Amino acid sequence: MIKIGITGGIGSGKSMVAALLEVWGIPVYIADTESKHLTATSPVIREKLITLFGKELYTADGLDKRRLASHIFGNPERLGQVNAIIHPEVNRHFFAWVERLNTPVCAIESAILFESGFNRIVDTTLMVYAPMEIRIGRILERDSVSREEIIRRIESQLPDEMKKEKSDYVIFNDGEQALLPQITAFLAGLKIKNIDSQFYNKHKNKNIQ
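Quick note on numbering: UniProt numbering labels position 119 of the sequence shown as 119, and the sequence is numbered without any gaps.
Here you go:
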């Protein structure tokens with residue numbers, strides 16, 4: 001089975017690309033969603049985080065996300081320790097998910113594909129790129145946050161130029177270039193058999209951004 005790693009900065013549109021792949025019949029593991037779920041529910045993660053931060057990190061309602069955030073905000077060492085606890089569990093969960101599939105290809109979407117080391121568990125990497133101002137505009141429309149907060153989030157991630165250099169393929173989601181032809185070219189390069197082409201055949205003349 002071919003495993004695709006999808007990445008891109010906040011507001012780049014990587015979730016849109018992941019959604020299009022799913023319509024194509026390609027299962028996509030959303031690492032951010034699964035990571036949050038595992039952090040809240042995994043006994044292994046719970047035990048290790050309590051050892052690191054104390055039992056107050058979990059209440060009767062579960063993980064105290066604000067308390068966890070206060071421990072790691074502005075503290076790269078603590079963040080690294082937390083990631084070292086969570087990422088291996090996400091890795092194991094991903095491979096258990098893969099084992100249940102019966103498809104020639106699957107994908108994992110992660111904003112921190114390279115930072116987390118998830119790029120080492122996939123066969124090819126795909127970056128979704130969008131210019132900074134377009135990303136900021138998208139996030140302003142989507143989230144109730146300030147421009148300054150958006151820029152802070154963007155700057156906390158691996159720079160786009162580094163992601164480009166590390167990625168095997170780059171899709172441009174800048175509003176000028178349609179996504180479907182780029183995704184089709186990417187998949188064609190992988191020579192994947194039995195991919196559902198009905199979606200592309202139906203929409204190939206539409207400028208889906």
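For glycine and all other residues, C-beta sits at the position ideal for the given N, C-alpha and C.
Since we're looking at a predicted model, the values are computed, not measured.
Distances from the alpha-carbon of Gly-13 to those of Arg-138, Ile-150, Thr-103 put Arg-138 closest. Counting the other Cβ atoms within 10 Å of the Cβ of Thr-125 gives 16 or more, which makes it buried. Here the stretch 101-115 lies against the stretch 156-174, with 3 or more beta-carbon pairs under 8 Å apart. If only complete runs of 4 or more residues are kept, the stretch 132-159 shows the alpha helix (DSSP H) at 132-142, 147-156, in order along the chain.
DSSP places Met-127 within a strand segment (E or B) once states are collapsed to three.
According to DSSP, residue pairing for Lys-3 in a beta bridge involves Cys-106.
From the listed residues Ala-84, Asp-160, Gly-189, the smallest Cα separation to Ile-10 is found for Asp-160. Counting along the chain, the unbroken alpha helix (DSSP H) around Ile-85 starts and ends at 76-99. Ranked by Cα distance from Asn-91, the options Ile-121, Gly-74, Gly-62, Ala-69 are led by Ile-121. The stretch 159-193 is shown to contain whole beta strand (DSSP E) runs of 3 or more residues at 169-172, in chain order. Non-local beta-carbon contacts of Tyr-29 in its own chain, meaning distances under 6 Å to residues more than five positions away in sequence, involve Phe-94, Trp-97, Ile-108 in chain order.
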